[in-house]
Amino acid sequence: MASYDHPPHHDPTPDDRTVPLRAVALVCTLSPSPAPSSSQLLAQQVLDELAGHGVTGTLVRIADHDVRSGVATDMGDGDAWPDIRAAVLAADILVLSTPIWLGHPSSIAQRVLERLNAEQSETDEQGRMTTYGKVAAVCVVGNEDGAHKVSADLFQGLNDVGFSLAPNAVTYWVGEAMQSTDYQDLDGTPEKTKATTAALATHTAHLARLLRDAPYAS
Numbered sequence: 001m002a003s004y005d006h007p008p009h010h011d012p013t014p015d016d017r018t019v020p021l022r023a024v025a026l027v028c029t030l031s032p033s034p035a036p037s038s039s040q041l042l043a044q045q046v047l048d049e050l051a052g053h054g055v056t057g058t059l060v061r062i063a064d065h066d067v068r069s070g071v072a073t074d075m076g077d078g079d080a081w082p083d084i085r086a087a088v089l090a091a092d093i094l095v096l097s098t099p100i101w102l103g104h105p106s107s108i109a110q111r112v113l114e115r116l117n118a119e120q121s122e123t124d125e126q127g128r129m130t131t132y133g134k135v136a137a138v139c140v141v142g143n144e145d146g147a148h149k150v151s152a153d154l155f156q157g158l159n160d161v162g163f164s165l166a167p168n169a170v171t172y173w174v175g176e177a178m179q180s181t182d183y184q185d186l187d188g189t190p191e192k193t194k195a196t197t198a199a200l201a202t203h204t205a206h207l208a209r210l211l212r213d214a215p216y217a218s
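27 is the number that my numbering gives to position 27 of the sequence shown; each next residue is one higher, with no gaps.
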């Protein structure tokens with residue numbers, strides 16, 4: 001029987017939480033404030049979990065801002081995207097939160113991806129996209145099944161524009177089909193969703209720290 005040398009065992013150590021990380025959550029509900037939003041609730045829960053890993057977070061509700069259609073970093077004439085983009089580029093982690101509409105991410109989530117598409121043309125001095133080394137995660141809420149399909153759409157788009165994804169980089173809740181109960185209407189957070197959100201935060205913060213310490217090569 002072949003034998004293999006194993007490295008010495010080391011007890012796992014927690015993330016170095018003395019190294020601060022920043023996150024920004026873009027909430028893609030179709031409803032502007034002050035309307036309640038399940039997408040915002042789940043995004044805030046992710047930020048709360050990330051805070052336990054030394055991550056400070058900011059939440060932006062896209063419907064509250066004049067984000068123009070287009071695939072440029074600045075569409076001019078009062079476009080709100082440049083300021084939001086600056087927050088994304090200043091962060092280590094991007095959380096994208098969307099409801100399910102007609103089996104797809106919301107139109108606002110699609111608009112965010114379209115605006116992020118401009119990052120393919122924005123590179124640093126080593127020729128890397130400015131999003132390289134940043135980690136993304138996804139939140140999905142809806143009243144019918146489709147969270148896996150929606151997260152797959154967002155994962156592909158986020159990866160295309162330079163973001164990295166940790167294992168299990170989505171948390172979601174979907175209610176019973178053809179019913180009216182929304183995530184924000186629940187008496188409490190379901191244990192499965194709570195555990196998934198916690199895992200997302202742990203893995204995402206871990207990967208963000210690894211990439212900060214060891215950036216991708218050009």
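Here a beta-carbon is modelled for each residue, glycine too, at the ideal position from N, C-alpha and C.
With distances taken between CB atoms, is the gap from residue i to residue j smaller than 8 Å?
i, j, result
"Val-138", "Ala-91", "no"
"Asp-66", "Pro-32", "no"
"Thr-131", "Phe-155", "no"
"Arg-136", "Thr-73", "The sequence given here places Ala at residue 136; Arg does not occur at that position. Result no, Cβ atoms of Ala-136 and Thr-73 do not sit closer than 8 Å."
"Val-46", "Thr-193", "no"
"Val-27", "Ile-62", "yes"
"Leu-89", "Ala-208", "no"
With a 10 Å radius around its C-beta and 16 neighbouring C-beta atoms as the bar for buried, classify residue i as buried or exposed.
i, result
"Thr-56", "exposed"
"Asp-102", "The displayed chain sequence assigns Leu, not Asp, to residue 102. Result: exposed."
"Gly-142", "buried"
"Pro-99", "buried"
"Tyr-183", "buried"
"Ser-97", "buried"
"His-53", "buried"
"Tyr-216", "exposed"
"Glu-125", "exposed"
"Ala-177", "exposed"
"Thr-13", "In this prediction, Thr-13 scores a pLDDT of 47, lower than 50, which makes its location untrustworthy; the coordinate-derived value is nonetheless stated afterwards. Exposed: under 16 other Cβ atoms inside 10 Å."
What three-state label does DSSP hand residue i in the structure shown?
i, result
"Leu-211", "helix"
"Gly-103", "coil"
"Gly-52", "coil"
"Thr-189", "coil"
"Asp-182", "coil"
"Asp-74", "coil"
"Ser-37", "coil"
"Leu-89", "helix"
"Ala-43", "helix"
"Asp-79", "coil"
"Leu-200", "helix"
Can you name the start and end residues of the alpha helix (DSSP H) that residue i belongs to?
i, result
"Ala-118", "No alpha helix (DSSP H) holds Ala-118; DSSP gives it neither H nor E."
"His-65", "First-last for His-65: undefined, no H or E at that position."
"Ser-218", "Looking at the DSSP string, Ser-218 is not in any alpha helix (DSSP H), and its letter there is neither H nor E."
"Leu-30", "Per DSSP, Leu-30 belongs to no alpha helix (DSSP H) and is neither H nor E."
Considering residue i, what are the terminal residues of the beta strand (DSSP E) in which it resides?
i, result
"Ala-23", "21 to 27"
"Val-55", "55 to 61"
What does DSSP give as the partner residue(s) for residue i in the beta ladder?
i, result
"Gly-142", "Val-174"
"Ala-136", "Leu-94 and Leu-165"
"Met-129", "Thr-123"
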